[in-house]
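Participant: Take the sequence shown: its letter number 5 is residue 4 in numbering that gives the first Met the number 0, and every next letter is one higher.
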Amino acid sequence: MSRCIFHVDLDCFFAAVEILDNPELRGVPLIIGADPKKGKGRGVVSTCSYEARDYGVHSGMPISKAYELCPFGVYIAPRFNRIKEISSKVMKLLQSYAEIFQQTSIDEAYLDLGDKIQNFEEAKKIGIEIKERVKNEIGVTCSVGIAFSKTLAKIGSDFQKPNGITIITPQNYQKLLANLSITAIPGIGKKTKIYYFRRGIRTFKDIFQSNLTQLTRKLGESGKWLYNTVHGQDGRKVHDSRLDYDPKSISTERTFREDTADISFILQKLREMNEKLHQ
Numbered sequence: 000m001s002r003c004i005f006h007v008d009l010d011c012f013f014a015a016v017e018i019l020d021n022p023e024l025r026g027v028p029l030i031i032g033a034d035p036k037k038g039k040g041r042g043v044v045s046t047c048s049y050e051a052r053d054y055g056v057h058s059g060m061p062i063s064k065a066y067e068l069c070p071f072g073v074y075i076a077p078r079f080n081r082i083k084e085i086s087s088k089v090m091k092l093l094q095s096y097a098e099i100f101q102q103t104s105i106d107e108a109y110l111d112l113g114d115k116i117q118n119f120e121e122a123k124k125i126g127i128e129i130k131e132r133v134k135n136e137i138g139v140t141c142s143v144g145i146a147f148s149k150t151l152a153k154i155g156s157d158f159q160k161p162n163g164i165t166i167i168t169p170q171n172y173q174k175l176l177a178n179l180s181i182t183a184i185p186g187i188g189k190k191t192k193i194y195y196f197r198r199g200i201r202t203f204k205d206i207f208q209s210n211l212t213q214l215t216r217k218l219g220e221s222g223k224w225l226y227n228t229v230h231g232q233d234g235r236k237v238h239d240s241r242l243d244y245d246p247k248s249i250s251t252e253r254t255f256r257e258d259t260a261d262i263s264f265i266l267q268k269l270r271e272m273n274e275k276l277h278q
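#1: To which residues of the same chain is Pro61 closer than 7 Å at the C-beta, ignoring the five residues directly before and after it?
#2: Should Ile193 be labelled buried (16 or more other beta-carbon atoms within 10 Å of its own) or exposed?
#3: The beta strand (DSSP E) spanning Asp8 covers which residue range?
#4: What are the boundary residues of the alpha helix (DSSP H) that includes Thr150?
#5: Could you check whether Asn162 and Thr140 sit closer than 9 Å to each other, using their CB atoms as the reference points?
#6: Where do the ends of the alpha helix (DSSP H) carrying Leu218 lie?
#7: Which residue spans inside the stretch 77 to 146 form an unbroken beta strand (DSSP E) run of at least 3?
#8: Closest to Gly113 by C-alpha separation, out of His238, Ile4, Leu269 and Asp233, would be which residue?
#9: With a cut-off of 8 Å on the beta carbons, I'd call Asp106 and Phe12 a contact; round off their distance for me.
#10: Counting C-beta neighbours from all protein chains within 10 Å, is the total for Ile200 16 or more, i.e. buried, or is it exposed?
#11: Rounding to the nearest angstrom, what Cα-Cα distance links Tyr109 and Val7 in this structure?
#12: Using 8 Å as the threshold, is the stretch 223 to 235 in touch with the stretch 171 to 191, meaning 3 or more CB pairs across them?
#13: How many angstroms separate the CA atom of Asn178 from the CA atom of Phe207?
#14: Using only the alpha-carbon positions, how far apart do Ala97 and Asn227 sit?
#15: Assign Ser156 to buried or exposed, taking buried as 16 or more other Cβ atoms, counted over all protein chains shown, within 10 Å of its Cβ.
#16: Between which two residues does the beta strand (DSSP E) carrying Leu29 extend?
#17: Run through the DSSP bridge pairs and tell me what Tyr74 is partnered with.
#18: Would DSSP call Gln278 helix, strand or coil?
Set out below in structure tokens:
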């Protein structure tokens with residue numbers, strides 16, 4: 000059979016952890032981020048519940064803007080130790096299924112089950128089992144995308160959020176994805192979107208209706224990438240993160256309460272952050 004890759008994405012994970020520990024928060028607009036201080040706070044929204052999203056709040060939004068849109072929401076700073084604890088439990092569960100396991104963030108992972116499955120029907124049963132176990136044993140929900148390429152699996156996990164499962168096969172992918180905006184493809188942001196839109200490429204259907212030669216002539220090398228990506232031919236493999244012992248990068252960050260152009264102050268804070276990284 001074709002390759003069968005799972006992408007598991009925990010739903011509104013930071014918010015879900017708070018709801019797990021505080022069930023009274025279920026059903027209310029919950030924003031995880033800095034204290035908005037009545038709209039004057041610094042920082043951005045880490046994530047938010049679907050109830051908050053109904054008011055236009057989204058991840059990465061300035062916390063002050065979130066407060067303007069949803070002043071009656073509940074604002075809570077992320078508890079990273081607890082978040083890591085729950086994430087570790089989920090990832091341990093996922094690893095038990097995978098021949099090759101790749102964790103890509105605190106709330107996302109790819110699984111390649113290898114010879115454990117023979118067809119997409121078997122894959123769907125396992126995907127449903129994973130979702131049920133994550134919910135029943137750990138207390139949070141996840142969405143699962145199963146496809147014949149990594150990129151399509153990731154697109155699939157976002158297809159029926161929250162707590163959904165989507166199976167993308169070589170037989171159904173063109174019909175299933177036809178009306179989806181190309182912005183669903185990881186790596187296509189605002190500027191790239193404008194570039195493609197101006198050239199008449201707005202949906203997956205626009206790509207499906209063109210052959211490789213036509214897209215390459217119109218878009219150059221990016222046309223080839225686009226064609227291979229939407230047809231599940233990008234060739235990207237699941238890389239086993241269990242074999243990685245050294246982090247590829249480390250970072251720290253700091254958000255100031257007020258804007259500043261004080262070079263001495265900024266340099267002092269940079270030195271402090273540098274020392275923190277060395278530790």
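Backbone N, C-alpha and C fix where the C-beta goes; we use that ideal spot for every residue, glycine too.
Facilitator: Checking against the coordinates, here is how it stands:
#1: The residue given as residue 61 occupies position 62 in the sequence shown. Same-chain partners within the cutoff: Val43.
#2: By one-based count along the sequence shown, residue 193 stands at place 194. Exposed, because fewer than 16 other Cβ atoms sit within 10 Å of the Cβ of Ile193.
#3: Here residue 8 refers to the residue found at position 9 of the sequence shown. Asp8 -> beta strand (DSSP E) spans Ile4 to Leu9.
#4: Against the sequence shown, residue 150 aligns to sequence position 151. Run containing Thr150: Lys149 to Ser156, per the alpha helix (DSSP H) assignment.
#5: Along the sequence shown, read from residue 1 onward, the residue named residue 140 stands at position 141. Along the sequence shown, read from residue 1 onward, the residue named residue 162 stands at position 163. The answer is yes: Cβ separation under 9 Å.
#6: Along the sequence shown, read from residue 1 onward, the residue named residue 218 stands at position 219. Residues Leu211 to Leu218.
#7: 99 to 104, 107 to 111 and 141 to 146
#8: Counting from one through the sequence shown, the residue named residue 113 turns up at place 114. Considering only alpha carbons, the answer is Ile4.
#9: Sequence index remark: in the sequence shown, residue 106 carries index 107 (1-based). Sequence index remark: in the sequence shown, residue 12 carries index 13 (1-based). At roughly 4 Å, the Cβ-Cβ gap stays under 8 Å, so Asp106 and Phe12 are in contact.
#10: Within the sequence shown, numbered from 1, the residue matching residue 200 stands at position 201. Buried, by the Cβ-count rule.
#11: Translated into the one-based positions of the sequence shown, residue 109 becomes position 110. Translated into the one-based positions of the sequence shown, residue 7 becomes position 8. Each residue's Cα considered, the two are about 6 Å apart.
#12: yes
#13: As a working note, residue 178 is residue 179 in the sequence shown. As a working note, residue 207 is residue 208 in the sequence shown. Roughly 11 Å separates the two Cα atoms.
#14: Reading the sequence shown from its first residue, position 98 is the one you call residue 97. Reading the sequence shown from its first residue, position 228 is the one you call residue 227. Those two C-alpha atoms are separated by around 26 Å.
#15: Here the question's residue 156 lines up with position 157 in the sequence shown. Buried is the call here.
#16: In the sequence shown, residue 29 corresponds to position 30, counting from 1. That run of the beta strand (DSSP E) goes Leu29 to Gly32.
#17: What you label residue 74 is simply residue 75 of the sequence shown in a count that begins at 1. Paired residue(s): Ile30.
#18: Position 279 of the sequence shown, counting from 1, holds the residue named residue 278. Reliability fails at Gln278, whose pLDDT of 46 lies under 50, so the model's placement of it is uncertain and the value that follows must be treated cautiously. Gln278: coil per DSSP, three-state reduction.
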